[in-house]
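Step one of this worksheet: look at the structure below.
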Amino acid sequence: MEEKQLRSMQLFRLMDRMRRAWTVFTPKPEISKSQFGTLLALRHGGKRPCEDKECRNRDPFEPMTLSELAKIMNQSMPALSQRISKLEGMGYVQRMPDQKDRRTTWIRLTPTGSQLLDSSFQNLVSKMNFIMEQLGEEDTRLTFRVLEQLAQILEGMSDEQEDTF
């Protein structure tokens, strides 16, 4: 096998290992990482947790529309709607019809969803901090840079080159 093929397979295996290892970060067995990410986006209005002063003062139960949430998360409406339905069935979010515009539905965290985030978020931060301590400052910065670059490449491939491969 030529060098390029060997390296391609090595990258594939490492990415698959990361996918499997990532299961450690599921907050509860019945909730997926994508569902957890959706709850976080709802809680923080699509911003990073406590990124700015406005975030700290934001009402965690402030509703958003599905289209706002889809745009923030860079996800398709059908996929996100399906995820919201599952989260609603679990009692973590609530859909509320707009009183003035019947075409609009608002989505908000429930107190149960907020409690899940409160109990799980600190655990997630602790695990991430442990990883960064193991890597050290220099390798953590390198990891951020490489993962950001890899994510951009993969997102570009799925957006622009879907038919090419």
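The numbering used here numbers the first residue of the sequence shown as 5 and each following residue consecutively. The beta-carbon is built from N, C-alpha and C at its ideal position, and this holds for glycine as well. Predicted, not measured: the structure shown is a model, and the values here were computed from it.
Query: Just to confirm before moving on: does the CB-CB distance between Val97 and Ile111 stay below 8 Å?; Result: yes
Query: Near Ala74, which residues of its chain fall below 6 Å by C-beta distance, leaving aside the five closest residues on each side in sequence?; Result: Met81 and Leu84
Query: Taking 8 Å as the threshold, find out whether the segment 142-157 comes into contact with the segment 97-108 through three or more Cβ pairs.; Result: no
Query: Among all the DSSP beta bridges, which residues are the ones paired with Thr147?; Result: Per DSSP, none; premise fails for Thr147.
Query: Using only alpha-carbon positions, find the residue among Gly41, Ser89 and Gln119 that is nearest to Asn78.; Result: Gly41
Query: Do Trp26 and Lys37 have their beta-carbon atoms positioned less than 8 Å apart in this structure?; Result: yes
Query: Among the candidates Ser12, Val28, Arg24 and Glu66, whose CA atom is the shortest distance from the CA of Leu44?; Result: Glu66
Query: Nearest by alpha-carbon distance to Arg107: which of Glu137, Ser71 and Lys131 is it?; Result: Ser71
Query: Comparing alpha-carbon positions, which option in Leu120, Arg21 and Met19 lies nearest Lys32?; Result: Leu120
Query: Looking at the structure shown, is Ile35 part of a helix, part of a strand, or coil, going by DSSP?; Result: coil
Query: Should Gly95 go down as buried or exposed, given a rule of 16 or more other Cβ atoms within 10 Å for buried?; Result: exposed
Query: Could you please give me the residues that DSSP links to Val97 through a beta bridge?; Result: Leu113
Query: Using CA coordinates, which residue listed in Val28, Ser118, Arg24 and Val150 is at the minimum distance from Ser130?; Result: Val28
Query: Hey, could you find the ends of the alpha helix (DSSP H) Lys8 is sitting in?; Result: Glu7 to Ala25
Query: Could you check the C-alpha separation between Gln86 and Gln153 for me, to the nearest Å?; Result: 29 Å
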